[in-house]
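S.K.: In case it helps, this note's numbering puts the sequence shown at residues 10 to 542.
The beta-carbon is built from N, C-alpha and C at its ideal position, and this holds for glycine as well.
Pasting a structure here, questions to come.
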Amino acid sequence: MLGTVGDGLVLLGPEVAAEIELGDHASRAELVGAHLAGETASSPRSADDPLASEVEALTDQLAELGALRPSRPGRTGTPLSTALRHGEVPAGAIFTAEELLVLAPSLSPAERRRALDLFVAGLSPHGRLAAYVQLAQGRGAVWGDLPDPDELDRGLQRAERLGADIGVVELSSHGQAWSVRREELEAIGAARPHRLGPIVRLGPFIRLLDHAAEPVLCVAELAHPDLGTAVPPPVSRLAQGVGAPEHAQLVALAEGAERTALLTPGTVETVRARRTELRGAIAPSTLFAGASATGPDADDGARLWIRATAHDGADRWVPAETVLLTSTDPHRLPWTSSGAAAHRDAAQARSRAFCELVERDAFVWTWMQRVSRERVRPASVPGAATRWRETLAHRGWTTTWVNLTLDSFPVILCALTHPDRGLTVATACHPEPAVALEHATREAAVTALLVPNGGAGPPAPERVHSPHDHLMLHRDPARRPDHSFLFEGAQEIDLTELAPRYGEDLESALAELGHLPLHVDLSRRRWAPFHVV
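In structure tokens, the structure reads:
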């Protein structure tokens, strides 16, 4: 297939995928479309473009290879590119070169449209997904992406045997098939991967240690949650879990549910109002250090709000963009996923979300204050984390544990340093210090072992925007003077000295300390059985 994506083209074959960047030369993309439509370049700009002959040669080669072949006369079904351009989604078979979606005639137009949207959201590989999402937005085009006629016929026969309102069939000889009744479409959930669900695929388990069967890494691939937005880089649609196989899979699914909830439009109701019009609304300027009492983040202007629940059960209102990345309110505070968690138990999800906030707050406070905290004496560290330390040492990493606890639950930082690969850190918060230390160690170890240094070198500080950018920046050994204060504190303490001063209820502890803990329940049938907070 050949499709437009962003400012370029994507080409997909059975074994090869490629993208061609055209920059801001929109006329070049138009040239491709004109040539594929059988038109000739009529404008002087197009005719004189030195890329015109290359476009013609490229599309001719693709046509010779069969990548752009038209539908066979009498073929049953509709190409996906055609179905997306229809005002009403047709019943029957809708196909790409690799998959088949079957919609029963009894489905309503709205049900067919929803099933088609979910089918598009789970497409792969990345180039195909990006091209069809752009097409679903009414932009761009896709050519080719048609199956082998015999494979399509066999796929149609398999689809008939499903006997369901909605079915998806992979057209390869050993491909999977999924079916769902119309009333179950929104309740597929995240307990297992499903082609039309929020978690589309689970990768094979990856062993992290050569000498041990456990722990393993499990990676889940997520459906694109919003066809109205551009498709992010492939890594942004992955969720992972580490541990014994069953636990690693559960964590990957839960993380996928959490991320889907934060990125799906309409997860919770929003209200546009002035702060003074809502009882219990939180002043935006109190939530972010860079917020101003005037300008776009003014406290008194009309903006979108989401209802939150306080520790005492009272309703409070928070700016919508602090909860959902999908908020389109022009009055925006910076969004962060910190303070979100998913768990099969609602109380556990809420507790873990607050733990994450405490953990991030402790790290940011330490970083901004440039304070060297107490290192944890290695002799006091339990066995699981010590084994990670030994494994990492064989690969050149030095492990240092640091106490970042402020005024509530224990927070531990694990700092890994390498003579060639710089710094990797992770933090964790838990009522039990040993558990926090083990979690931080495991997260840092997985990052150190699986995330390579970028081949292009570290980014410039002014070009650092994402967590991955921060990681790559500090992977530069030359930056050690900038971050060594984190793990070179002069004082040492035993882990046992960090016995929690509070019980298991972090939310109550935060309220006692004078904070205002708030939570928003994002749980929905689509990512059940996980509760997302």
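Run the CB neighbour count on residue 459, radius 10 Å, all protein chains shown included, and call it buried at 16 or more, exposed below.
M.R.: Taking the first residue of the sequence shown as position 1, residue 459 is located at position 450. Residue 459 should be labelled exposed.
S.K.: Drop a sphere of 10 angstroms on the beta-carbon of residue 244, count the other beta-carbons inside from all chains shown, and report buried for 16 or more, exposed for fewer.
M.R.: Indexing the sequence shown from 1 puts residue 244 at position 235. By the 10 Å Cβ count, residue 244 comes out exposed.
S.K.: Is the Cβ-Cβ distance between residue 318 and residue 528 less than 7 Å?
M.R.: Residue mapping note: residue 318 aligns to position 309 of the sequence shown, counting from 1. Residue mapping note: residue 528 aligns to position 519 of the sequence shown, counting from 1. Contact flag set, yes.
S.K.: Under a three-way DSSP split, which group does residue 387 fall into?
M.R.: Here residue 387 refers to the residue found at position 378 when the sequence shown is read from its first residue. Residue 387 falls in the helix class under three-state DSSP.
S.K.: Taking all protein chains shown into account, do 16 or more other C-beta atoms lie within 10 angstroms of the C-beta of residue 550, making it buried, or fewer, making it exposed?
M.R.: Shown here, the chain extends from 10 to 542; a query on residue 550 therefore has no answer.
S.K.: I need the DSSP call for residue 280, collapsed to helix, strand or coil.
M.R.: Here the question's residue 280 lines up with position 271 in the sequence shown. Looking at residue 280 - three-state DSSP - the assignment turns out to be strand.
S.K.: Is the beta carbon of residue 279 closer than 7 Å to that of residue 234?
M.R.: As a working mapping, residue 234 is identified with position 225 in the sequence shown. As a working mapping, residue 279 is identified with position 270 in the sequence shown. Their beta carbons are not under 7 Å apart, which means residue 234 does not touch residue 279 by this criterion.
S.K.: Please report the distance separating the alpha-carbon of residue 177 from that of residue 186.
M.R.: Residue 177 sits at position 168 when you count from the first residue of the sequence shown. Residue 186 sits at position 177 when you count from the first residue of the sequence shown. So the two alpha carbons sit approximately 6 Å from each other.
S.K.: Just grab the DSSP bridge partners of residue 236 for me.
M.R.: Here residue 236 refers to the residue found at position 227 of the sequence shown. Answer is none; residue 236 lacks a bridge partner.
S.K.: Counting pairs of beta carbons, one from the stretch 466 to 475 and one from the stretch 346 to 355, are three or more of them closer than 8 Å?
M.R.: No contact exists between the stretch 466 to 475 and the stretch 346 to 355.
S.K.: Just checking residue 540 against the ligand MG - is the residue's beta carbon closer than 6 Å to any of the ligand's heavy atoms?
M.R.: As for the ligand MG, it is missing from this structure, which has no ligand bound.
S.K.: I need the boundaries of the beta strand (DSSP E) containing residue 148, first residue and last residue.
M.R.: Stepping through the sequence shown from its first residue, residue 148 is reached at position 139. Residue 148 -> no beta strand (DSSP E), and no H or E assigned at all.
S.K.: Which one or two residues does DSSP pair with residue 88 in a beta bridge?
M.R.: Residue 88 sits at position 79 when you count from the first residue of the sequence shown. The partner list for residue 88 (beta bridge, DSSP) reads 104.
S.K.: Verify the CB distance criterion: does residue 430 have a CB-CB separation below 7 Å to chain B?
M.R.: The question asks about chain B, but that chain is absent: this structure has only one protein chain.
S.K.: Considering only the alpha carbon of each residue, which of 311, 438, 382, 389 lies closest to residue 370?
M.R.: As a first step, residue 370 is located in the sequence shown; it is residue number 361 there, counting from the start. Selected option, being the one with the closest Cα: 438.
S.K.: How many Å lie between residue 276 and residue 533 at the Cα?
M.R.: Sequence index remark: in the sequence shown, residue 276 carries index 267 (1-based). Sequence index remark: in the sequence shown, residue 533 carries index 524 (1-based). Spanning the two alpha carbons is a distance of roughly 8 Å.
S.K.: Is residue 142 helix, strand or coil when you go by DSSP?
M.R.: Against the sequence shown, residue 142 aligns to sequence position 133. Three-state result, residue 142: helix.
S.K.: Apart from the five residues on each side of it in sequence, which residues of its chain come closer than 7 Å, Cβ to Cβ, to residue 204?
M.R.: Taking the sequence shown and counting its residues from 1, the one referred to as residue 204 is at position 195. Result list for residue 204: 131, 177, 187, in chain order.
S.K.: One question on the structure: do residue 489 and residue 462 come within less than 7 Å of each other, judged by their Cβ atoms?
M.R.: In the sequence shown, counting from the first residue as 1, residue 489 sits at position 480. In the sequence shown, counting from the first residue as 1, residue 462 sits at position 453. Contact: no.
S.K.: CB-CB under 7 Å to residue 13, same chain, minus the five flanking residues each way: which ones, in chain order?
M.R.: To locate residue 13, count along the sequence shown from 1; it is residue 4. The residues are 38, 140, 143, 149, 150.
S.K.: Sort 195, 192, 159, 173 by Cα distance to residue 180 and report the nearest one.
M.R.: Here residue 180 refers to the residue found at position 171 of the sequence shown. Residue 180 has its Cα closest to that of 159, out of 195, 192, 159, 173.
S.K.: Per DSSP, residue 423 is paired with what?
M.R.: The sequence position of residue 423 within the sequence shown is 414, counting from 1. Per DSSP, 410, 435.
S.K.: So for residue 249, helix, strand or coil by DSSP?
M.R.: For this step, residue 249 is matched to residue 240 along the sequence shown. Three-state DSSP puts residue 249 in a strand.
S.K.: Give every residue of the same chain whose Cβ lies closer than 8 Å to the Cβ of residue 362, excluding the five residues on either side of it in the sequence, and list them in chain order.
M.R.: Counting from one through the sequence shown, the residue named residue 362 turns up at place 353. So the qualifying residues of the chain are 348, 349, 350, 528, 542.
S.K.: Does the beta-carbon of residue 483 have 16 or more other beta-carbons within 10 angstroms, so that it is buried, or is it exposed?
M.R.: For the purposes of this step, residue 483 is taken as the residue at position 474 of the sequence shown. Label assigned to residue 483: buried.
S.K.: Using the DSSP secondary-structure output, state which residues sit across from residue 325 in a beta bridge.
M.R.: Taking the first residue of the sequence shown as position 1, residue 325 is located at position 316. 317, per the DSSP bridge assignment.
S.K.: Give the range of the alpha helix (DSSP H) segment to which residue 392 is assigned.
M.R.: Against the sequence shown, residue 392 aligns to sequence position 383. Here the alpha helix (DSSP H) through residue 392 covers 392 to 403.
S.K.: Give every residue of the same chain whose Cβ lies closer than 7 Å to the Cβ of residue 282, excluding the five residues on either side of it in the sequence, and list them in chain order.
M.R.: Indexing the sequence shown from 1 puts residue 282 at position 273. Cβ within range, chain order: 311, 314.
S.K.: Taking three-plus beta-carbon pairs below 8 Å as touching, is the stretch 404 to 413 in contact with the stretch 441 to 458?
M.R.: Because the criterion of three Cβ pairs below 8 Å is met, the stretch 404 to 413 and the stretch 441 to 458 touch.
S.K.: Using C-beta distances below 6 Å, list every residue in its chain close to residue 156, excluding the 5 sequence neighbours before and after it, in chain order.
M.R.: Counting from 1 along the sequence shown, the entry for residue 156 is found at position 147. So the list reads 104, 106, 180, once near-sequence residues are dropped.
S.K.: Out of curiosity, what's the CA-to-CA distance linking residue 28 and residue 88?
M.R.: The sequence position of residue 28 within the sequence shown is 19, counting from 1. The sequence position of residue 88 within the sequence shown is 79, counting from 1. Between residue 28 and residue 88, the C-alpha separation is close to 22 Å.
S.K.: Assign residue 321 to one of two classes, buried (16 or more other C-beta atoms within 10 Å of its C-beta) or exposed (fewer than that).
M.R.: Taking the sequence shown and counting its residues from 1, the one referred to as residue 321 is at position 312. With fewer than 16 Cβ atoms within 10 Å of its Cβ, residue 321 is classed as exposed.
S.K.: Out of 269, 270, 248, 271, which has the shortest C-alpha to C-alpha gap to residue 260?
M.R.: On the sequence shown, position 251 is the one that residue 260 refers to. Nearest option by C-alpha distance: 248.
S.K.: So what does DSSP say about residue 164, is it helix, strand or coil?
M.R.: Translated into the one-based positions of the sequence shown, residue 164 becomes position 155. In this structure, residue 164 counts as helix in the three-state DSSP scheme.
S.K.: What number of angstroms, rounded off, separates the C-alpha of residue 300 from the C-alpha of residue 250?
M.R.: Within the sequence shown, residue 300 is the residue found at index 291, counting from 1. Within the sequence shown, residue 250 is the residue found at index 241, counting from 1. Here residue 300 scores only 47 on pLDDT, less than 50, and its place in the model is too uncertain to base an answer on.
S.K.: With 16 other CB atoms within 10 Å as the buried threshold, where does residue 332 fall?
M.R.: Locating residue 332 in the sequence shown gives position 323, counting from the first residue. By the 10 Å Cβ count, residue 332 comes out buried.
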